[in-house]
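**Q** In the working numbering, the protein residues as written are 735 to 864.
(1) Hey, would you say residue 835 sits closer than 8 Å to residue 791, going by beta carbons?
(2) Once DSSP output is grouped into helix, strand and coil, what is the label at residue 861?
(3) For the segment 847 to 857 against the segment 780 to 788, do three or more pairs of beta-carbon atoms, one drawn from each stretch, fall closer than 8 Å, so that the two count as touching?
(4) Using CA coordinates, which residue listed in 815, 768 and 787 is at the minimum distance from residue 775?
(5) Tell me which residues share the same chain as residue 827 and place their Cβ nearer than 6 Å to its Cβ, disregarding the 5 neighbours each side in the sequence.
(6) Are there 16 or more other CB atoms within 10 angstroms of the CB of residue 795, so buried, or fewer, so exposed?
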């Protein structure tokens with residue numbers, strides 16, 4: 735079962751719909767405020783790994799690449815910021831106490847660190863075991 739933790743606008747719906755597609759399409763993008771933002775192919779790979787049970791959580795972000803002299807964003811894309819497996823977290827259980835509880839604590843810690851104390855937006859997906 736997946737739990738979506740949303741710390742940004744409603745773009746998560748479009749992102750998850752694109753990631754659930756059976757075939758990867760490098761031209762996938764979602765529209766935000768009238769602008770299409772491409773989805774990096776690594777997002778598809780990570781989501782497939784999470785769907786297959788090989789990852790515990792993924793944190794996505796909009797990566798703004800500055801290319802002009804004024805530091806204004808000229809290109810953006812949605813990328814995987816963090817993707818962690820149970821092995822990465824040193825977990826060996828397959829239940830709530832041995833797997834999901836410590837993984838969720840690590841997830842919140844990573845999310846807090848990457849969002850400047852929950853002040854910046856992110857899209858995150860967590861694989862929760864009951």
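Backbone N, C-alpha and C define an ideal beta-carbon position, used for all residues, glycine too.
**A** On the basis of the data shown:
(1) One-based indexing of the chain shown puts residue 835 at position 101. One-based indexing of the chain shown puts residue 791 at position 57. It is not a contact, given that the beta carbons lie outside the stated cut-off.
(2) What you label residue 861 is simply residue 127 of the chain shown in a count that begins at 1. In this structure, residue 861 counts as strand in the three-state DSSP scheme.
(3) no
(4) In the chain shown, counting from the first residue as 1, residue 775 sits at position 41. Of the listed residues, the one whose Cα sits closest to residue 775 is 815.
(5) The residue labelled residue 827 in the question sits at position 93 within the chain shown. Hits under 6 Å: 833.
(6) Locating residue 795 in the chain shown gives position 61, counting from the first residue. Classification for residue 795: buried.
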